[in-house]
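I have placed the structure first, in the form of structure tokens, so that the comments after it can refer back to it.
Numbering (the numbering used here), first residue to last: 1 to 289.
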């Protein structure tokens, strides 16, 4: 137990304590600790208010977690290769490289192709999350027409909207809107947000995607009239392994929004959400110009 100065502590106003993690370099190597700093309220007037910090050694746990994450990343990387090969083979079949197809065969192959692309996207999210958490990501910004990037992302997911007869509207204040972003990384964000809007909006629902310039920022909004998000889930929505709503569980890793936040922040921007259960949600991305 270590005495903790008041000015060194970040305290929760409601509970008077704050939990965080510390790392120390020692002769044994790096050691990790969980720390909890708490306020002590005096029971008598002649005692000053105080603060204490409790440390718990979690080095072994962190090492196991690191090994597990490395294993998952390696496995994910290896799994992407056969899935990519399946996608390529299905695309060639649908293009008629191996002969003509009947209507029913085309429909089945399209469904299989979409499922494989979705699986590839989940694997890509897993691997990208590992890269971001380990600092192995270089953002290569270039002038990119964000409106065209949004449209191309939607084209990849159009089948989701068509399956549910959903209407998507694009509201662009400028025909061409060039902003400095890494197009590969920003594509992940846009695909995640469009996919969420389509998946969590019911039959014949509406999705509106807009871009506009506000001061020195590009504002991208993804609005739907879907199921909305319960108020008690909003605060943890961008946490790791958190899905939209447990009551409307969709197949996924729970990493989409977590990864999107990492990417947007790497660009110096912000991502936020406004939602009302039963009325829909609006995710807003703000990126510096």
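Idealized CB from N, CA, C, for every residue including glycine.
If you follow the alpha helix (DSSP H) that residue i is in, where does it begin and where does it stop?
{"i": "residue 110", "result": "103-133"}
{"i": "residue 263", "result": "256-266"}
Are the CB atoms of residue i and residue j nearer to each other than 8 Å?
{"i": "residue 173", "j": "residue 212", "result": "yes"}
{"i": "residue 216", "j": "residue 289", "result": "yes"}
{"i": "residue 268", "j": "residue 285", "result": "no"}
{"i": "residue 198", "j": "residue 167", "result": "no"}
{"i": "residue 134", "j": "residue 86", "result": "no"}
{"i": "residue 36", "j": "residue 53", "result": "yes"}
{"i": "residue 181", "j": "residue 123", "result": "no"}
{"i": "residue 157", "j": "residue 191", "result": "yes"}
{"i": "residue 160", "j": "residue 187", "result": "no"}
{"i": "residue 292", "j": "residue 260", "result": "Since the first residue shown for the chain is 1 and the last is 289, residue 292 is missing from the structure and cannot be characterised."}
{"i": "residue 177", "j": "residue 140", "result": "no"}
{"i": "residue 266", "j": "residue 137", "result": "yes"}
{"i": "residue 80", "j": "residue 120", "result": "yes"}
{"i": "residue 218", "j": "residue 179", "result": "yes"}
{"i": "residue 242", "j": "residue 236", "result": "yes"}
Grab me the residues of residue i's own chain with a C-beta within less than 6 Å of its C-beta, minus the 5 sequence neighbours each way, in chain order.
{"i": "residue 280", "result": "224, 225, 226 and 228"}
{"i": "residue 255", "result": "125 and 129"}
{"i": "residue 283", "result": "193, 222 and 273"}
{"i": "residue 2", "result": "Low confidence applies to residue 2: its pLDDT is 36, below 50, so where it sits in the model is not reliable enough to give any reading."}
{"i": "residue 55", "result": "33 and 35"}
{"i": "residue 20", "result": "35"}
DSSP three-state call for residue i: helix, strand or coil?
{"i": "residue 237", "result": "coil"}
{"i": "residue 331", "result": "Past the boundaries of the shown model lies residue 331; the chain is included only from 1 to 289, so the question cannot be answered."}
{"i": "residue 289", "result": "coil"}
{"i": "residue 229", "result": "coil"}
{"i": "residue 152", "result": "helix"}
{"i": "residue 71", "result": "helix"}
{"i": "residue 280", "result": "strand"}
{"i": "residue 36", "result": "strand"}
{"i": "residue 19", "result": "strand"}
{"i": "residue 164", "result": "coil"}
{"i": "residue 62", "result": "helix"}
{"i": "residue 80", "result": "helix"}
Leaving aside the five residues before and after residue i along the sequence, list all residues of the same chain whose C-beta is less than 7 Å from its C-beta, in chain order.
{"i": "residue 208", "result": "169, 171 and 223"}
{"i": "residue 154", "result": "168 and 194"}
{"i": "residue 69", "result": "130"}
{"i": "residue 59", "result": "31 and 32"}
Where do the ends of the beta strand (DSSP E) carrying residue i lie?
{"i": "residue 272", "result": "270-276"}
{"i": "residue 145", "result": "142-145"}
{"i": "residue 208", "result": "206-214"}
{"i": "residue 194", "result": "Residue 194 -> not in any beta strand (DSSP E); alpha helix (DSSP H) instead, spanning 183-199."}
{"i": "residue 169", "result": "167-172"}
{"i": "residue 202", "result": "Premise fails: residue 202 is in no beta strand (DSSP E) and is neither H nor E."}
{"i": "residue 219", "result": "217-224"}
Closer than 8 Å by C-beta to residue i: which residues in its own chain qualify, once you throw out the five before and the five after it? Chain order, please.
{"i": "residue 13", "result": "At residue 13, the pLDDT of 43 sits below 50, so the modelled position is not reliable; the number obtained from the coordinates is stated separately. Cβ within range, chain order: n/a, list empty."}
{"i": "residue 94", "result": "101, 106, 109, 110 and 113"}
{"i": "residue 164", "result": "198, 201, 202, 203, 204 and 205"}
{"i": "residue 239", "result": "258"}
{"i": "residue 132", "result": "259, 262, 263 and 266"}
{"i": "residue 278", "result": "227 and 228"}
{"i": "residue 72", "result": "126 and 130"}
Looking at the ligand MG, does it come within less than 7 Å of residue i, judged from the CB to the closest heavy atom?
{"i": "residue 24", "result": "The ligand MG is not part of the structure shown, which contains no ligands of any sort."}
For the segment 55-63 against the segment 83-98, are there 3 or more C-beta pairs whose distance is under 8 Å? In short, these stretches do not touch, since the Cβ pair count stays below three.
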